[in-house]
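Reviewing the structure listed below.
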Ligand code: PMP
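Numbering (this note's numbering), first residue to last: 2 to 416.
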C-alpha cells in the first residue's frame with residue numbers, strides 16, 4: 002500500500018513491512034513522522050535499463066570529468082597520501098573553503114570569510130545540521146509549496162510544523178509569505194531562489210528584495226539552498242538573500258552538480274555565531290567530511306578552468322531542456338502546462354484538473370517511462386495533478402521518445 006508522504010502529519014498509512022517491524026522495535030517517534038524517500042523508492046523501480054527515466058535527479062554522467070578527477074586523485078595520493086588519508090579538522094580543508102569564499106566574491110560580490118564556510122558531506126548534510134541546531138519539536142518552518150523533498154524529509158526528523166508558502170512564477174506568493182511570518186514565530190524560511198527543485202522557478206530580483214524586507218527585523222532565519230545557482234543558463238544570478246540579510250541567512254552550496262555527486266561535497270556558509278553551533282553538530286555527527294574527497298576536489302579545482310566546465314554543463318542542460326520542451330509542445334494534449342526554467346535540471350508539469358499523477362506514473366511505467374508524481378513535494382497533501390520531469394540524465398533521442406509515450410498516456414487518461 003502507498004504511504005502518506007505528508008511530513009508533519011500523523012496519519013501515516015503503514016506498509017505491511019513497516020507494521021510488522023513496528024511490532025518488534027520501538028523506533029523513535031521522529032521516524033514515524035519522516036517520509037521515506039519517494040525518489041529512492043521510485044529509482045528502485047526504474048533501475049531497469051530499458052526504462053527511460055525522467056524520475057530521478059541525476060546530473061548528466063557524460064559531464065563528469067573523470068579523467069581530471071583521476072589525475073587529481075593520483076597526484077594527492079602520490080604527493081601527500083599519508084596526510085590526505087588521516088583524520089582532519091571538522092571545518093574542512095582550508096584551501097577548499099578559500100576557493101568557495103573567493104568564488105562567492107567573484108560570482109556574487111559576496112564578502113564571506115573562509116571561517117564562515119563549513120565543508121559538509123553534500124548539501125543534504127548541511128540541511129541536516131541546520132535542522133539539528135535550529136529546530137525543536139513543534140517549531141514552525143516555512144517552506145515553498147511545492148518544496149524540496151529532501152528538505153521536507155530531513156527537517157521532518159526534527160519534528161517541526163511546516164507552513165507551506167505557495168510558489169508563483171516570480172517566487173513565493175507575497176501575501177502567503179507575509180501571513181506565514183506574521184507574529185514572528187517562524188524559526189526558518191527554507192527556499193531555493195535559483196531554479197527551484199522541483200518547480201524550476203527562479204525568484205525575480207524584485208521578489209527577493211520584497212521577501213528580504215519582510216524577513217528583516219524578524220527572528221526568522223532564511224535558509225537559502227543554492228544547489229543550482231551555477232546552473233542558471235544565462236550564466237548570471239540575481240543577488241542571493243545572503244546579500245540583503247548577511248547576518249540572518251544561512252546559505253548552502255554543493256559540488257554535486259558542478260563536479261560529481263559521488264564525491265559528496267557540499268558546504269554551508271553561515272554567520273559566526275551560527276557556524277559555532279554547526280561545527281559542534283558536524284563534529285558530533287561524523288567528525289569531518291571525507292578528507293580525501295576534499296583534497297581531490299581542491300587539487301582538481303586548482304588545475305582546471307571551472308568556469309569553462311560549468312559553461313559546458315549549462316549549454317548541455319539548456320539543450321536537453323529545449324529538447325524536452327519542444328517535444329512537449331509538439332505532443333502534449335490540451336490542458337497540460339509546464340514551466341520553462343531559467344536553469345537547473347527539472348521541468349514541472351501540471352496536468353488537467355482531475356487527472357491523477359499517480360495514475361500517470363503507473364501507466365507511464367507500463368510504457369517504460371518513469372516520471373515523478375509531485376505529491377511528495379507537498380507538506381499539506383496537494384500536488385496530486387503535478388509531475389516533476391528531470392531532463393539532465395536522458396539523451397535527446399530518449400527525451401523525444403519518452404515524452405511521446407508520456408503524452409500518449411496522459412491523453413488516454415483525459416479523453
Ligand atoms: N538541495 C537541493 C535543492 C537539491 O536538489 C539537492 C539534490 N537533489 C540537494 C540539496 C542535495 O544535494 P547534495 O547533498 O548532493 O549536495
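Using N, Cα and C, we set each Cβ at its ideal position, and we do this for glycine too.
From a predicted model like this one, the values you see are computed outputs, not experimental measurements.
| said: Helix, strand or coil for residue 133? Go by DSSP, reduced to three states. | reply: The residue labelled residue 133 in the question sits at position 132 within the chain shown. In the displayed model, residue 133 falls within a helix according to three-state DSSP.
| message | Would residue 215 and residue 179 be called neighbours here (beta carbons separated by less than 7 Å)? | response | If you number the chain shown from 1, residue 215 lands on position 214. If you number the chain shown from 1, residue 179 lands on position 178. Between residue 215 and residue 179, the C-beta gap is smaller than 7 Å, which places the two residues in contact.
| task | May I ask whether a heavy atom of ligand 1 can be found less than 6 Å away from the beta carbon of residue 262? | result | For the purposes of this step, residue 262 is identified with residue 261 of the chain shown, where counting begins at 1. Remark: the shortest separation between the CB of residue 262 and any heavy atom of ligand 1 falls under 6 Å.
| Paired residues, beta bridge with residue 350 - DSSP | Mapped onto the chain shown, residue 350 falls at position 349. Listed as beta-bridge partners of residue 350 by DSSP are 339, 388.
| request: Would you kindly work out how many angstroms separate the C-alpha atoms of residue 48 and residue 247, rounded to a whole number? | output: The residue given as residue 48 occupies position 47 in the chain shown. The residue given as residue 247 occupies position 246 in the chain shown. If I take the Cα positions, the gap works out to 43 Å.
| message | So, for residue 368: in the same chain, excluding its five sequence neighbours on each side, which residues have a beta-carbon less than 7 Å away from its beta-carbon? | response | Within the chain shown, numbered from 1, the residue matching residue 368 stands at position 367. Scanning its chain for C-beta atoms nearer than 7 Å, with the 5 sequence neighbours on each side dropped, one finds around residue 368 the residues 406, 410, in chain order.
| task | Take the Cβ of residue 285 as the centre, count every other Cβ of all protein chains shown within 10 Å, and call the residue buried at 16 or more, exposed below. | result | Reading the chain shown from its first residue, position 284 is the one you call residue 285. By the beta-carbon neighbour count (other beta carbons within 10 angstroms, threshold 16), residue 285 is exposed.
| Rounded C-beta distance between residue 36 and residue 154? I'm assuming under 8 Å. | Counting from 1 along the chain shown, the entry for residue 36 is found at position 35. Counting from 1 along the chain shown, the entry for residue 154 is found at position 153. With a beta-carbon spacing of about 5 Å, residue 36 and residue 154 fall inside the 8 Å limit used to define contacts.
| query | Are the CB atoms of residue 161 and residue 136 nearer to each other than 7 Å? | reply | Residue 161 sits at position 160 when you count from the first residue of the chain shown. Residue 136 sits at position 135 when you count from the first residue of the chain shown. Result yes, Cβ atoms of residue 161 and residue 136 sit closer than 7 Å.
| query | Between which two residues does the beta strand (DSSP E) harbouring residue 143 extend? | reply | Within the chain shown, residue 143 is the residue found at index 142, counting from 1. Taken as a continuous stretch (DSSP letters only), the beta strand (DSSP E) holding residue 143 covers 141-146.
| Going by Cα to Cα distance, which pick from 174, 276, 340 is closest to residue 199? | Numbered from 1 along the chain shown, position 198 holds the residue referred to as residue 199. Out of 174, 276, 340, 340 has the C-alpha closest to the C-alpha of residue 199.
| request: Pick helix, strand or coil for residue 28, following the three-state DSSP scheme. | output: The residue labelled residue 28 in the question sits at position 27 within the chain shown. Here residue 28 sits in coil by DSSP.
| query | Over what stretch of residues does the alpha helix (DSSP H) that includes residue 408 continue unbroken? | reply | The residue you call residue 408 lines up with position 407 of the chain shown. Per DSSP, residue 408 belongs to the alpha helix (DSSP H) from 397-415.
| residue 322 Cβ short of 6 Å to ligand 1 heavy atom set | Here residue 322 refers to the residue found at position 321 of the chain shown. No; taking the cut-off as 6 Å, the Cβ of residue 322 has no heavy atom of ligand 1 nearer than that.
| message | Quick check: does the Cβ of residue 255 come within less than 6 Å of any heavy atom belonging to ligand 2? | response | With respect to ligand 2, the structure offers nothing, as its ligand set consists of ligand 1.
| What three-state label does DSSP hand residue 307 in the structure shown? | Residue mapping note: residue 307 aligns to position 306 of the chain shown, counting from 1. In the structure shown, residue 307 adopts helical secondary structure according to DSSP, grouped into three states.
| field | Reduced DSSP secondary structure (H/G/I, E/B, other) of residue 56 | value | Locating residue 56 in the chain shown gives position 55, where the first residue counts as 1. Note: residue 56 maps to coil in three-state DSSP.
| Within the chosen definition, does the segment 108-124 reach the segment 334-348 through at least 3 CB pairs nearer than 8 Å? | The segment 108-124 makes no contact with the segment 334-348; the number of CB pairs closer than 8 Å stays below 3.
| field | Classification of residue 11 by the beta-carbon crowding that lies within 10 angstroms, buried from 16 upward | value | Here residue 11 refers to the residue found at position 10 when the chain shown is read from its first residue. The pLDDT assigned to residue 11 is 34, lower than 50, so where the model puts this residue is not dependable; a value taken from the coordinates is nonetheless given after this. By the 10 Å Cβ count, residue 11 comes out exposed.
| query | Is it true that the CB of residue 122 sits closer than 7 Å to the CB of residue 265? | reply | Here residue 265 refers to the residue found at position 264 of the chain shown. Here residue 122 refers to the residue found at position 121 of the chain shown. In this structure, residue 122 lies closer than 7 Å to residue 265 by Cβ.
| task | Return yes when at least one heavy atom of ligand 1 lies under 6 Å from the C-beta of residue 198, else no. | result | Along the chain shown, read from residue 1 onward, the residue named residue 198 stands at position 197. At least one heavy atom of ligand 1 lies closer than 6 Å to the C-beta of residue 198.
| query | For residue 258, does the three-state DSSP call read helix, strand or coil? | reply | In the chain shown, residue 258 corresponds to position 257, counting from 1. Collapsing the DSSP output to three states places residue 258 in coil.
| message | Can you determine whether any heavy atom of ligand 1 sits closer than 6 Å to the C-beta of residue 193, and answer yes or no? | response | The count along the chain shown starts at 1 and reaches residue 193 at position 192. Checking every heavy atom of ligand 1 against the Cβ of residue 193, one is found closer than 6 Å.
| Assigned exposure category for residue 256 - 16 Cβ within 10 Å defines buried | Here residue 256 refers to the residue found at position 255 of the chain shown. Buried, by the Cβ-count rule.
| message | Just to confirm the assignment, what range does the alpha helix (DSSP H) spanning residue 245 have? | response | Taking the first residue of the chain shown as position 1, residue 245 is located at position 244. Segment 242-245, the alpha helix (DSSP H) holding residue 245.
| task | Assign residue 359 to buried or exposed, taking buried as 16 or more other Cβ atoms, counted over all protein chains shown, within 10 Å of its Cβ. | result | Walking along the chain shown from the start, residue 359 turns up at place 358. Flag for residue 359 reads exposed.
| field | Residue range of the beta strand (DSSP E) that includes residue 65 | value | Here residue 65 refers to the residue found at position 64 when the chain shown is read from its first residue. Here residue 65 belongs to no beta strand (DSSP E), and DSSP marks it neither H nor E.
| query | Between the C-alpha atoms of residue 357 and residue 318, what's the straight-line distance to the nearest angstrom? | reply | The count along the chain shown starts at 1 and reaches residue 357 at position 356. The count along the chain shown starts at 1 and reaches residue 318 at position 317. Whole-angstrom Cα-Cα distance: 28 Å.
| Separation of residue 236 from residue 312, as counted between CA atoms | Position 311 of the chain shown, counted from the start, is the residue given in the question as residue 312. Position 235 of the chain shown, counted from the start, is the residue given in the question as residue 236. The C-alpha of residue 236 is placed about 8 Å away from the C-alpha of residue 312.
| task | In the DSSP assignment, find the alpha helix (DSSP H) that holds residue 215 and state where it starts and stops. | result | In the chain shown, the residue the question calls residue 215 occupies position 214. Note, residue 215: alpha helix (DSSP H), 206-216.
| request: Might you give, ordered along the chain, the residues of its own chain that have their beta carbon closer than 7 Å to the beta carbon of residue 295, omitting 5 neighbours on each side? | output: Counting from one through the chain shown, the residue named residue 295 turns up at place 294. If we look at residue 295 and ignore the five residues flanking it on each side, its Cβ neighbours are 93, 94, 97, 120, 266.
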